[in-house]
Structures are given as C-alpha cells and as structure tokens.
C-alpha cells in the first residue's frame, strides 16, 4: 500500500525519521502525534509532518496507515485504543523491537485484517525528534510479523516499507523474530552495556578510548528505559543467552591461564571469520 | 625530533599508515621494510616509502628515527637486533599495544638513551598494507612509555608524534599503561570476540545484524594471531578483568529474573551516562 495520509504516533528518533522520510518520498499528508508538545511543534516546524493535532485519536481517525512509534509498552495500549478508531480499510503497524506481545494483543483484539507488527533494524543510540533523520530506513531490513489471519495486512505493510521507505521487508513469525533478535540485537545491547558499566566503574579519569572500544560501547548510550522494556518483554529469550556467555568466556580464560597461544587464536578466529563475512 | 630519514619496520596497516602520513607531512626520506616482498613493492609503488631495501638492518643503519611496527613478539626481537645498529644520535620506538615487555627488554639492553615505547590508539580491524591510510594518527592519543633513564628520548619521540603525525602524545609509565589499556582496549576486544563467537555459533543463516550489533562486533574481525600475542603479553591484567565480568552480568540476570524494571534501568543507566559523556 501507498497511503495518501500517514499517521505516526510518537515523534522520537524512529517516529520522526519515519515522518521525514515519508514526506521526502512524496506521501501527500503526514500527521504526527507525540505526548511532548515541544516535539510536536519541532516536527511541524521542520516539515516532518503536515499536521500535529493535540490528540492521538485525531490522528488515528484521519489516516490510511497508522504507525505506532512509541516505546514498546506504550504501543500495546495505543494498539487497543487506536485500532478501533481507524477508518474502514485503513491499516496499522508498530515498530517495537519485541513482537510476541503486540502480535498477541492484536490477535486477542481480532485485528488481523488491520494490523501487522514491524521491526525496522535501523535505530540510533540517540533519543528524541532531534535524533531523527530522513534516510534512516533506506536499505534497512524490516521484519514484518503477521497477526492470526493477518497475512494480507502483513503483505500490504511489507509493501509500504519497501516502496515508500526503500527498506527490505522480511515477513517472519513473531516468535521466531523474538528468538533471532534476542540474539542478534538484545544480546549485543546487553554486552555493550555490560562493558560500559565495567569501564565506567574501573577506568581511571582521563583514560582514553580508542576507536574500537568506542564502537563496542556505542550502543550503551541508548535509552535505558526503552531497553528495560525490551529486555523484560523478551527476557525468556535473553536470560538464557546471557547465562550461556559463561561457557565461551571460561574457554578464553582457560586458554589464557594455560598460556596456550593456539587455543587463544582458535577461540578468536571463530568470531573473526564470521564477522569478516558480514561485511562481505 | 623531526627526522630527515625515517625508518619503518613492518608495512602493515599501522606501519604502512605511518609511512604514508610521514611522507605527506614532508619527511624527506622514508625507508620501509617488511618480510613480505609484495608489501615492500606495494609501499614503494604507492609512494608510501622512498626506498624498501631487502634487509631490516639496511633500514636501521640509515635513519634518524626507527619505528618497529611488526607484531608485538617480533618487535621484541627486532629491538635487540636493530637498536645496536642505529647511527649515533638516532632514536627508536615501537607501536606494540602492550608496553611492559618491550620497555623491560630495552631497559635490560640499556637502550634508555635511544628508545622509548609508543602505542598509538589508532588501529583498524583490517590487516596489511592495503588497510593503511595517511590520516590514521591525526588527533589520536599516542602513549609514550620511557625506558629506565630514558626520559629525554621519550620527550623526543613524543614530540615526533605531535609535530610530524599531528597526534596527541601522553607520556606514561609502562605498567600503568598496560593496566589502563587492558581495561580500555584489550577487554573490549575480548568482549567483541566473545559476542561474535556466540553469534557465529547460534545465529541462524540469513539472520541480519542491525547497525548497533555491527558496531559491537566490528573489532572481532581483527587479526586473531596479533591479538593472541597482545592477550598473552597482558594476561595478568586481562584475566582478572574477564573474571570480574561475572558480577555485573549476574546483577543484570538477577534483575531480569525478578522482572524488576527499576533495577534493570539503573543497571543500564550506569553505562549509558558514562558512554554519553565520552562523545561529549
């Protein structure tokens, strides 16, 4: 689908970027809402939205496609409140990083014909509308997770990501999504935060981080409350992954303790080969 | 000091970048050596060096400043072999990431008047001369570690980094350097490799990494044999740091297990505040 009027609920880094890129892609009317009046004004002033009404329900009733871009827990409540207010034929999606809760909520509400979940793999560790930018989704993988009896809506929403935002949609089951992303995204976030926490406590003042260590810890600057929601929503996946870190960690320690260069190299090579293949 | 003739032993990513940037800074003659003939030819062909003789000793006897840019263990042997061949008044340094071993070797050789260690915080996970680039050291912190009775040489070498390569030299004791860098650089490398190792084993084929997870794992692509040398040379620092990860990891697991949002947020916030301050 290519909406004439697009609604975006939440005008932070993700919602703001969605609005900006949709406008740039020629969507005739983009309407946005944020609980933060200053954010609404900034989005209107910078031309990211054509209109920013004071109530979210005013957005829901006026659009062909509604995107919930609030934090994950808020999106659950917004789903129940706003989907029933959509016009006939209008669709909705969200951008939360965990998909089982919202897909379950949409299934319970029998929203299959009107909703599919989305999760764009395009974030930033920065927060708020000021961190939004128009090209964020170009080329990014976007997971689209159907609700029960919602295959048609999922295809329409995947088509929107592809044609309007130039992203690469992948339709996937919500449970498989959460398992995969728990490993590919939530575990990296936890590890970046773990390292940052240790460095914050132990690094002497004035010590300098090289470019590599800056890369490893960059994600740690992300919004702590947002990531708390994500971690707790996906903790049945994340907790076992965290606990499983002890085994490879112990292997490295054992090889170092033994002064066994061949074992240390083999340990490092497994990740090195994999990581080099990622950049192609 | 500003050398008329600069020698670089090892023409990989670091040595090659040193040669390129020194030429661009107007050093009249840069002479380089690599055990790899193809690397010597490439460096000469691309104008990174003015001359690339077949023997390292031919470089050592012809320069005002000699930089050992081989892997750390090789630099130890090169130090003993090449410093005695320097002309009177010529100085030498190295670029190894661990400083106690080479400073101890230089102290044992009574090289204080002719050598100080260096460690530029400017690397790349890519390898070889093809990964070298002329601007690598501009603005980078470079640690300079004096040998016993070597304060004058250390100041001269710090001055070289500052004036020729536009880097920011910091003179620091080798032991303090290794403790600090064990935490700020070697631990991040180990953590990036740990995550990459886990993802290599567990992520299903076709799963996509977002930009954040790419950042966290980027260092894992680094040269495994080089990092084996570094880890083993600094293992008395690195091993306790690795073992100490279990405590904050257990704190996160406990907070997730209890479903305690406030504790998860507080855990994440400690690293977030610290990391945000790094980028200023």
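Protein chains in written order, with this note's numbering: chain A, 2 to 281; chain B, 2 to 281.
All C-beta atoms in this analysis are idealised placements derived from N, C-alpha and C, irrespective of residue type, glycine included.
Burial state of residue 76(A) is buried, judged by a 10 Å Cβ sphere holding 16 or more other Cβ atoms. Contact residues of the stretch 216-229 of chain A toward chain B are 216, 217, 218, 219, 220, 221, 222, 223, 224, 225, 226, 228 and 229 (C-beta to C-beta distance below 9 Å).
Our two residues, residue 268(B) and residue 230(A), have alpha carbons roughly 13 Å apart in a direct line. As computed with DSSP, residue 163(B) is found in no beta bridge at all. Between residue 223(B) and residue 126(B), the gap from beta carbon to beta carbon is short of 8 Å.
Here residue 71(B) has 10, 11 and 79 as same chain residues with Cβ atoms under 7 Å from its own Cβ, once five neighbours each way along the sequence are excluded.
Per DSSP, the beta bridge partners of residue 52(A) are 32(A).
For residue 176(A), the closest Cβ of chain B is not nearer than 8 Å. If you ignore the 5 residues before and after residue 42(A), its C-beta comes within less than 8 Å of the C-beta of 53, all in its own chain and listed in chain order. Taking CB atoms only, residue 255(A) has no neighbour in chain B less than 8 Å away. Take the alpha-carbon of residue 258(A) and the one of residue 96(A): they are about 45 Å apart.
According to DSSP, residue 37(A) shares a beta bridge with no other residue. The Cβ-Cβ distance between residue 101(B) and residue 81(B) does not fall below 8 Å. What residue 270(A) touches in chain B, judged by beta-carbon distance under 7 Å, is 225, going in chain order. In this structure, DSSP gives residue 93(B) an extended state, which the three-state scheme calls strand. Inside the stretch 86-138 of chain B, DSSP marks whole beta strand (DSSP E) runs of 3 or more residues at positions 92-95 and 117-121, from first to last along the chain. Taking every protein chain shown into account, the CB of residue 150(A) has fewer than 16 other CB atoms within 10 angstroms, so this residue is exposed. Residues of the stretch 199-216 of chain B that bring their beta carbon within less than 8 Å of a beta carbon in chain A comprise 199, 200, 201, 202, 203, 204, 205, 208, 209, 210, 211, 212, 213, 214, 215 and 216, in sequence order. Using a Cβ-Cβ cut-off of 7 Å, residue 275(B) is close to 197, 200 and 201 of chain A, given in chain order. Residue 128(B) is outside the set of residues whose beta carbon lies under 8 Å from a beta carbon in chain A. For residue 270(B), same chain residues with a beta-carbon under 6 Å away, outside a window of 5 residues either side, do not exist. Residue 60(A): member of the alpha helix (DSSP H) spanning 57-61, first to last residue. None of the residues of the stretch 49-67 of chain A has a beta carbon lying less than 9 Å from any beta carbon of chain B. A buried status is given to residue 185(A), since no fewer than 16 other beta-carbon atoms sit within 10 Å of its beta-carbon. Under a criterion of Cβ atoms nearer than 7 Å, the residues of chain B adjacent to residue 142(A) are, in order, 209.
No Cβ-Cβ contact shorter than 8 Å links residue 117(B) with residue 68(B). With its beta carbon less than 8 Å from one in chain B, residue 190(A) belongs to the interface. Annotated as distal: residue 189(B) and residue 195(A), with beta-carbon spacing of 8 Å or more.
Per the coordinates, the alpha-carbon of residue 2(B) lies some 54 Å from the alpha-carbon of residue 264(B). A residue is called buried when at least 16 other Cβ atoms come within 10 angstroms of its Cβ; residue 113(A) meets this threshold and is buried.
Here residue 123(B) is not near residue 207(A), since their CB atoms are 8 Å or more apart. Inclusion of residue 14(B) and residue 50(B) in the CB contact set at 8 Å is not warranted, their separation being larger than that value. Judged by DSSP secondary structure, residue 10(A) falls within the beta strand (DSSP E) whose first and last residues are 6-10. If the five residues before and after residue 178(B) are omitted, its C-beta is found closer than 6 Å to the C-beta atoms of 100, 144 and 146, all from its own chain and listed in chain order. When CB distances to chain A are screened at a threshold of 8 Å, the residues of the stretch 238-265 of chain B falling below it are 239, 240, 242, 243, 244, 245, 246, 247, 249, 250, 253, 254, 257, 258, 260, 262 and 265, in chain order. If the five residues before and after residue 168(B) are omitted, its C-beta is found closer than 6 Å to the C-beta atoms of 138, 141, 143 and 162, all from its own chain and listed in chain order.
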